[in-house]
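Colleague:
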Amino acid sequence: MTHSDDVLRLFESIGGAPDTYQDFAPSRPKKPAPAPVAPATAAPERERPPVAPAIASSDMPAMNDALPPARPLPVIDETAPVTFGAPGTTPLQSLFARLLAIEPVQGKVSDSPLRRLRAGPGSGAA
Amino acid sequence: MESDRLLDYYEAGHCAMQWRGFMRALAGEFAEALPTHDLKRLMARIGSRYAAEHPIDGCDNLDEWATAANARWQQSDFGYAVLRDHPQHLEIRHYGAPLVRAMGPDSAAWAVGFLEGVYQAWFVQAGMGTGLEVRAEDPGANDTGDRSTRLRLARAGH
């Protein structure tokens, strides 16, 4: 009984040996070599379906003429304050803005260490 | 039902045995060296660091954010969160956090600082500015007995 045998028995007792260990097993049978492949013969050419004649661009209706004129993109003022539901804000940002607009309710939550972190050490902020 | 999901979670994975004794000893040493509010502050800093190393980005709405957060928690085998948007605040219920289980029942008062730090930092990554903060609710407030850790995102108090 070798140390490797002990390790293998431990692995098997907890659900099987890892593949890497199996790779070292000497009694693993080798796969037979694949049979030689016969050289491919040229397949008979199939009949191809008839191809529709190409349509010249001049024959197409003038589709672009039927489209309405493109509207100019709205100009976003990035310096403007973000407001609840403003265009360009994500729902998550709108949620933050909404919560920020609500007065805090005192006495229901524990003392926050994050506030003290922002206030700095020894500030005594609670 | 969340309690069933919680039990399934505990059965599927728990604090690894080889770390349990170490974490208890670590927590005991912490508790002897620092007062509770400093321990909570330390855990929040650890949480912020964790969030920086496991970032969440590219989320436009709360559902996407919750999915991304829970994917991060699942990677670390750290439970999962359920979010509820209330008119006054965003409620976060974190189920299956192994903090107290790993660090011992005496750590309950300060170990929650880790979750505060993680969620705060993740919301900042999502674009949250100053003025809002994640705070753990007092354990006895509105206790529903579902064994979750309850936190809320709301405007910072004065």
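Keeping their order, the protein sequence lines are chains B and D.
Going by our numbering, the residue at position 89 of the first sequence is 89; the numbering climbs one at a time, nothing skipped.
Here our numbering = 1-based position in the second sequence + 126.
From the three backbone atoms N, C-alpha and C, an ideal C-beta is built for every residue, glycine too.
Bear in mind that the values here come from a model prediction, so they are computed numbers and not experimental data.
Check whether the Cβ atoms of D/Gln251 and D/Ile182 lie closer than 8 Å to each other.
Modeller: Yes.
Colleague: Does D/Cys185 come within less than 8 Å of chain B when only Cβ atoms are used?
Modeller: At least one chain B Cβ lies under 8 Å of D/Cys185.
Colleague: Identify which residue in D/Leu160, D/Ser202, D/Glu158 has its Cα closest to the Cα of D/Tyr176.
Modeller: D/Ser202
Colleague: Can you tell me whether D/Met80 is buried or exposed, with buried defined as 16 or more other CB within 10 angstroms of its CB?
Modeller: Here chain D comprises residues numbered 127 to 284, so residue 80 of chain D is not present and cannot be evaluated.
Colleague: What residues match up with D/Arg276 in a beta bridge as DSSP calls it?
Modeller: D/Arg219
Colleague: Tell me whether D/Glu259 sits in a helix, a strand or coil according to DSSP, three-state version.
Modeller: Three-state DSSP puts D/Glu259 in a strand.
Colleague: If the cut-off is 9 Å on Cβ atoms, which residues from the segment 201-223 of chain D count as contacting chain B, listed in chain order?
Modeller: Asp211, Pro213, Gln214, His215, Leu216
Colleague: From D/Leu194 to D/Lys166, what does the alpha carbon distance come to, in whole angstroms?
Modeller: In the sequence as presented, Leu is not what sits at residue 194 of chain D; that position holds Ala. When rounded, the distance between both Cα atoms is 25 Å.
Colleague: Note down, in chain order, each residue of its chain lying with its Cβ closer than 7 Å to the Cβ of D/Phe204, except the 5 sequence neighbours on either side.
Modeller: Ala223, Pro224
Colleague: Please list, in chain order, the chain B residues whose beta carbon lies closer than 9 Å to that of D/Leu258.
Modeller: Phe96, Leu99, Leu100
Colleague: Give me whichever residues DSSP pairs with D/Asp211 in a beta bridge.
Modeller: D/Leu216
Colleague: Using a Cβ-Cβ cut-off of 6 Å (strictly less than) and excluding sequence neighbours within five positions of D/Val244, which residues of its own chain qualify?
Modeller: Gly173, Tyr176, Ala177
Colleague: Shorter than 8 Å from the beta carbon of D/Trp191 to some beta carbon of chain B?
Modeller: yes
Colleague: Mind checking who D/Tyr206 pairs with in its DSSP beta bridge?
Modeller: As computed with DSSP, D/Tyr206 is found in a beta bridge with D/Tyr221.
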